[in-house]
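Beneath this line is the structure, given in structure tokens, with notes to follow.
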Amino acid sequence: MPPVTKELTTTSQHFIIGTAGHVDHGKTALIRALTGAETDRLREEQERGMSIDLGFADFTLPSGRHAGVIDVPGHERFLKNMLAGAGGIDLVLLVIAADEGVMPQTREHLEILNILQTRRGVVVLTKADLVDEEWLELVQEDIREALKGTFLARAPMVPVSSITGQGIPELKALLDQMASEVPTRTLIGPWRLPIDRVFTVRGFGTVVTGTLLSGIARVGDRVEVLPGKLESRIRSLQSHGQGVEFAEAGSRVAMNLAGLELEEVSRGDVAAPPGIYVPTQALDLRLDVLESCPRPVKHRTRVRIYLGTAEVLARLVLLDTEVLEPGSSGLVQLRLESPTVAAKGDRYVLRFYSPMETIGGGSVIDPSPVRHKRLDEAVIANLGVKEKGTPDELVAEAVGRGGLTPVQPQTVTMQLGMPLEEVRALLPELIERGVLVGLDGEAVLHRHRLDAAANQLLGALSEYHAAQPMRSGMSREELRSRLSRQMDSKGFNLILGRLEMEARVVSEGGRVRMAEHEPQFTPEQRRIADALEAGLLADPFNAPFYEEIRAAANLPQKPAGEVWDALIDNGVVVRISADVFLHRKAVETAVERVRAYLAENKQITAAQFRDMVGTSRKYAVPLMEYLDAMRVTRRVGDARELF
Ligand SMILES: Nc1nc2c(ncn2[C@@H]2O[C@H](COP(=O)(O)OP(=O)(O)O)[C@@H](O)[C@H]2O)c(=O)[nH]1
Ligand SMILES: [Mg+2]
């Protein structure tokens, strides 16, 4: 059997809900009210009634969809713990207590989420039971004001009480609705797990947890823990509290790592397949300084960078300016005091070393650069290209955004503002290099999109074969309905056509199968199938009904029914009419005889046909009609001629 599946779809259905907001505003109580889980796990947290570190819970939405929940601490002293959790959040619950309104850490968390480009969220007004309507309205106005210019500017606002339960069902329903809008993470490419917790489980050894940022991690995968480059292997995996064989991007996972000691791994490390990420002592970054940054940022300032779950000290080298004023933006190089790993495009937050105020943040341009000279035009120009991409990278990316819809050069021109002639000039080389695939005329598709869609189709098909080994193939319509909504019928036909051409799948009589698939029966099913076939063939043109054969051979009800359906599906048993079933061999014999007869004679009547094959009228009439439908014969008056 080819590898089964899920792992072949392109985007993940999993996502992370995270809390944010001022200390004591009811984040932990809200998660308890929503999920029933207690996220304050440390004894100190329970004694002090305050979250110190990240807390985790599983959340089953009313629709049945699962989300991982990260509950962050709100006290400013534990902001670094909040930062370790914030990077993985897809949908944030900004918690604001109705009685207190916007407070310092409300603003600080909001700023951080904004820098990290968190895209979606809900403002949850907790403790609604403590205030009256009028107060509630005034607080909501204040909050709208504070949210201006942030990603939550138009976010829904839901008053709740975690004590009385008021508003909780409404919030759940809203989250369910929003879940479908969360941008999905890609499953293509290597997996990456920024580690946020490390502990030992007796009898298992070291376990690390985190939010899987990309790809699919599987039990048995080789692992490298960075930046230390420690080699290991995934001994077992858990997601949503259950043992799993593989976990997808966007899910919370616990990974049991073989052969590693607790002391060798810590929060901030990254687990990934070996050889993908390179530890670095420097990073090239785009830095956007917040308006609210309390002072200008000077060259050589000592800073803290928060990247994934890591916090690393560094010196800031300003590459294109002498000083960065609040609200401005620049290209910078960080010289790190200890190594870390990053990927191009990763978002980060930067704070002053002391006092610990937030400077701003941005994205990683080069995750392992050489040392640069400052204020050097060549360096700055080069980083500019890396940041935005080279022209051919930009074109390839624009085509990729079209998904499975063939993209014309004009569309790329419109998207990139690049002259049509330049786009046209770049296409042949991109096709030659296999980055893009040329279709009719000038239309192109991104190779990755095509491959991913093909993999998705093959995955659905092998999943079907695994679940229905007795069946010869999957109906075309069912196959199409299993694939993502982005694959319209045009895209589907395109992919299927290519896979047929490559002889990887076979499409026959409205059914599709993997080229190498053959119906598989267990010995027991084979025995039943043989008995059913023998029953039909005992008197091939006067075959008994299914139920008669089953009872006579004393076959067990349910398995016999399944085998019978599979035999019909595979064409071994042919349904002639609503209640007449014959073995394929009988039908083939009938066809041969009729053809032979009609080679000698012009016509054949129903009575002649009945006598020739040795059947009764009950079978002869539907069988002749079946042969008409198969275009073996054609009805002319009361007789048949060769079609
Ligand atoms: N009356 C009332 N009290 C609440 C509500 N939510 C939380 N609290 C109380 O507020 C305090 C702080 O809650 P907690 O969830 O620990 O806040 P966190 O620091 O944001 O996680 C606790 O004493 C809770 O019982 C609510 O909706 N109504
Ligand atoms: Mg808390």
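With the numbering used here applied, the sequence shown corresponds to residues 17 to 659, in that order. Here a beta-carbon is modelled for each residue, glycine too, at the ideal position from N, C-alpha and C.
Hey, could you find the ends of the beta strand (DSSP E) Asp74 is sitting in? Gly71 to Thr76
What are the residues that DSSP puts in a beta bridge with Glu327? Tyr322
Between the CA atoms of Asp504 and Arg520 - distance to the nearest angstrom: 21 Å
Near Tyr613, what residues of its chain come up, given a Cβ to Cβ distance below 7 Å and the 5 sequence neighbours on each side ignored? Ile620 and Met628
So, using beta-carbon positions, are Leu303 and Val198 closer together than 8 Å? no
Can you list, in chain order, every residue whose CB sits closer than 5 Å to a heavy atom of ligand 2? Lys43, Thr44 and Ser67
Taking the Cβ atom as the reference point for each residue, do Asp382 and Lys360 lie within a distance shorter than 8 Å? yes
What do you reckon, is the C-beta of Thr142 under 7 Å from a heavy atom of ligand 1? yes
Give the range of the alpha helix (DSSP H) segment to which Tyr642 is assigned. Arg633 to Ala645
By Cβ distance, which residues of its chain are closer than 6 Å to Ala233, with the 5 residues on each side in sequence left out? Trp207 and Ala263
Roughly how many angstroms lie between the CA atoms of Glu516 and Ala547, to the nearest whole one? 35 Å
Alpha carbon to alpha carbon, how far is Arg318 from Leu334? Give it in angstroms, no decimals. 12 Å
Are there any heavy atoms of ligand 1 lying less than 7 Å away from the beta-carbon of Ser379, as far as the coordinates show? no
On the premise that Asp87 lies in contact with Val118, defined as a C-beta separation below 8 Å, what is that separation, rounded to the nearest angstrom? The Cβ separation is near 20 Å, so there is no contact.
Would you report the Cα separation of Val217 and Thr225, rounded to the nearest angstrom? 12 Å
Same chain, Cβ closer than 8 Å to Lys601, neighbours up to 5 away in sequence not counted: Leu553 and Pro556
Residue range of the unbroken beta strand (DSSP E) whose run includes Ser379: Thr374 to Asp382
Residues bridged to His462 [DSSP beta-bridge criterion]: Leu452
Figure out for me which residue from Arg81, Leu583, Arg238 and Arg93 has the closest Cα to the Cα of Ala189. Arg81
Contact set for Lys389: own chain, Cβ-Cβ below 8 Å, skip 5 residues either direction: Val395
Alpha-carbon spacing of Ala36 relative to Ala162, whole angstroms: 15 Å
Pick from Glu279, Lys143 and Gly244: whose alpha carbon is nearest that of Gln297? Gly244
Neighbourhood of Asp115 by C-beta distance below 6 Å, restricted to the same chain and skipping five residues each side: Lys143, Leu146 and Val147
Could you spell out the range, first to last residue, of the beta strand (DSSP E) harbouring Val603? Unbroken run through Val603 is the alpha helix (DSSP H), Arg600 to Glu616; no beta strand (DSSP E).
Quick check on DSSP: helix, strand or coil for Gly361? coil
What would DSSP say about Pro385, mapped onto helix, strand or coil? coil
Other residues of its chain near Gly343: CB distance less than 7 Å, five sequence neighbours each side excluded: Val305 and Glu307
Could you check what DSSP says for Pro556 in three-state terms: helix, strand or coil? helix
Please work out which residues of its chain come closer than 8 Å, Cβ to Cβ, to Asp40, disregarding the five sequence neighbours upstream and downstream, and give them in chain order. Met66, Gly90 and Ala113
Here's the rule: buried if 16 or more other CB atoms are within 10 angstroms of the residue's CB, otherwise exposed. What is Thr44? buried
Along the chain, which unbroken stretches of the alpha helix (DSSP H) at least 4 residues long are found entirely within the segment 490-530? 492-498 and 505-517
What number of angstroms, rounded off, separates the C-alpha of Phe667 from the C-alpha of Ala102? The first residue shown for the chain is 17 and the last is 659, placing residue 667 beyond what the model contains.
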